[in-house]
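Participant:
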Amino acid sequence: MQERLIATLCEMVRIPSESGDEEEFLTYLSDKLTRDVKADCQRDDYGNLICTIGAKHSTAREPVLFAVHGDTVKPGVGIQPVVRDGVISSEGETILGADCKAGIAEFLEAVLTAERHPPLQLVITREEETGFFGVKNMDYSLLKARRGFLLDMDSIDTIVLGTPSHVDIDIEITGKAAHSGMEPEKGISAIKAAGAAIALLELGRVDFETTANLGTIHGGSARNSVPAKVVIEAEVRSLNHDKCVHLSETIRETFCDAAHALGATADVKLDLAYKAHFVKPESPLIRVAVDALREAGIEPKLTAITGGLESAVYQEHGIEIVPIGNGVRAEHTPEEHVFVEDMRQVVRVIHHLFDRLSAARMDESLTSEEGIP
Numbered sequence: 001m002q003e004r005l006i007a008t009l010c011e012m013v014r015i016p017s018e019s020g021d022e023e024e025f026l027t028y029l030s031d032k033l034t035r036d037v038k039a040d041c042q043r044d045d046y047g048n049l050i051c052t053i054g055a056k057h058s059t060a061r062e063p064v065l066f067a068v069h070g071d072t073v074k075p076g077v078g079i080q081p082v083v084r085d086g087v088i089s090s091e092g093e094t095i096l097g098a099d100c101k102a103g104i105a106e107f108l109e110a111v112l113t114a115e116r117h118p119p120l121q122l123v124i125t126r127e128e129e130t131g132f133f134g135v136k137n138m139d140y141s142l143l144k145a146r147r148g149f150l151l152d153m154d155s156i157d158t159i160v161l162g163t164p165s166h167v168d169i170d171i172e173i174t175g176k177a178a179h180s181g182m183e184p185e186k187g188i189s190a191i192k193a194a195g196a197a198i199a200l201l202e203l204g205r206v207d208f209e210t211t212a213n214l215g216t217i218h219g220g221s222a223r224n225s226v227p228a229k230v231v232i233e234a235e236v237r238s239l240n241h242d243k244c245v246h247l248s249e250t251i252r253e254t255f256c257d258a259a260h261a262l263g264a265t266a267d268v269k270l271d272l273a274y275k276a277h278f279v280k281p282e283s284p285l286i287r288v289a290v291d292a293l294r295e296a297g298i299e300p301k302l303t304a305i306t307g308g309l310e311s312a313v314y315q316e317h318g319i320e321i322v323p324i325g326n327g328v329r330a331e332h333t334p335e336e337h338v339f340v341e342d343m344r345q346v347v348r349v350i351h352h353l354f355d356r357l358s359a360a361r362m363d364e365s366l367t368s369e370e371g372i373p
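For the sequence shown, this note's numbering assigns the number 1 to the initial residue and increments by one for each residue that follows.
1) Hey, out of His57, Val206 and Arg329, whose CA is closest to Met343's CA?
2) For Pro284, which of helix, strand or coil comes out of DSSP?
3) Which residue marks the beginning of the beta strand (DSSP E) containing Ile171, and which one marks its end?
4) Going residue by residue through the stretch 189-261, where are the continuous beta strand (DSSP E) segments of at least 3 residues, counting only ones entirely within it?
5) How would you write the range of the alpha helix (DSSP H) that Leu108 sits in, first residue to last?
6) Arg116 by DSSP, collapsed to three states: which one?
7) Let me check one thing: in DSSP terms, what residues is His69 bridge-paired to?
8) If you drop the 5 nearest sequence neighbours on each side, which residues of the same chain put their C-beta closer than 6 Å to that of Val268?
9) Thinking C-alpha only, which one of Leu33, Leu293 and Gly76 is nearest Ile104?
10) For the candidate residues Ile321, Ala7 and Val230, whose alpha-carbon lies nearest to that of Met153?
11) With H, G and I counted as helix, E and B as strand and the rest as coil, what does DSSP make of Thr8?
12) Just checking my contact of Lys144 with Pro227 at CB under 8 Å: how many whole Å lie between their CB atoms?
13) Return the CA-CA distance between Val68 and Asp168, expressed in angstroms with no decimal places.
14) Who are the near neighbours of Val111 in its chain, counting only those whose CB is closer than 6 Å to its CB and skipping five residues on each side?
15) Helix, strand or coil for Ser155 per DSSP?
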């Protein structure tokens, strides 16, 4: 198993799939899954890949969803994976791209080596890294599974109970241009207005469940010109939805007031990217995940996070999804890596999930004394 698992991940990461440029990788996956596990693969109108795999030695009828994404962040072209001392990493200055390809490789290995499994649906989305565009634009009529797991956390001992509300904030401040040497008094500095607002904001870790960030700022046109325009990209996240909305509105008002005080204007747009969701610790699906980790020799940690996951969007569409780890570390950096033993452990976890969910009805498997500690 180990050699094939390593070879599969290395083969996958060599295929570039930066967000928006996933076609080669998704075509490769469709062909591989069709060939290796007899999957019925189809693409929706947005290009997401949905693969249905029949049951093996199981009387279960309801399919179980396993969700991953097929895109990576940059730099993700020309990746050369290396394996040293049981660790897979990138040889060059690129990312490794194991986020989330490690999860795909682990799922495939689990299906190939499982003694039994229920009917399965594997969903590989596009453009997760740039805003969850694939999962937001998915054709959900193609998904028959109503419960399952997201293989997109890092630590293999982590089960995610909740994720935050997330508001994207786009700010455009308009002042008035003027020559900075000849007649600066005729200008209105958009940068000064932005700075006045920023000085009033609480950013970073606002409290234990809330974060706020200004990610980009662009403004001005020349050294000797009073800057007439500034564009800022910001965000707010909170496990408390009302708190997320309130802080976002506060940021909007702060920029508008600061701009107005200097004679400038601020156009601030708020976009709710996704809403906070939680799964109760006593949920049957959580308990199945807890059992699977323990049976694989891993003591699970149940937590809520302020990072975003696609599970929030699946939940909005009525699909219960529990995020679990795939073992990738230092993702989104050139130091990204994954331990081979962690990947093997994740395969074992998936095997135990398969066993638990291979009963005639998923409801029986999730509520029987054998299925819940």
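Glycine included, each C-beta is placed from N, C-alpha and C at the ideal position. These figures come from a predicted structure and were not determined experimentally.
Facilitator: Well, looking at it:
1) Arg329
2) helix
3) Ser165 to Thr174
4) 204-207, 210-219 and 229-238
5) Ala98 to Thr113
6) coil
7) Thr125
8) Ile171, Arg252 and Phe255
9) Leu33
10) Ile321
11) helix
12) At roughly 54 Å, the Cβ-Cβ gap does not stay under 8 Å, so Lys144 and Pro227 are not in contact.
13) 23 Å
14) Val37
15) coil
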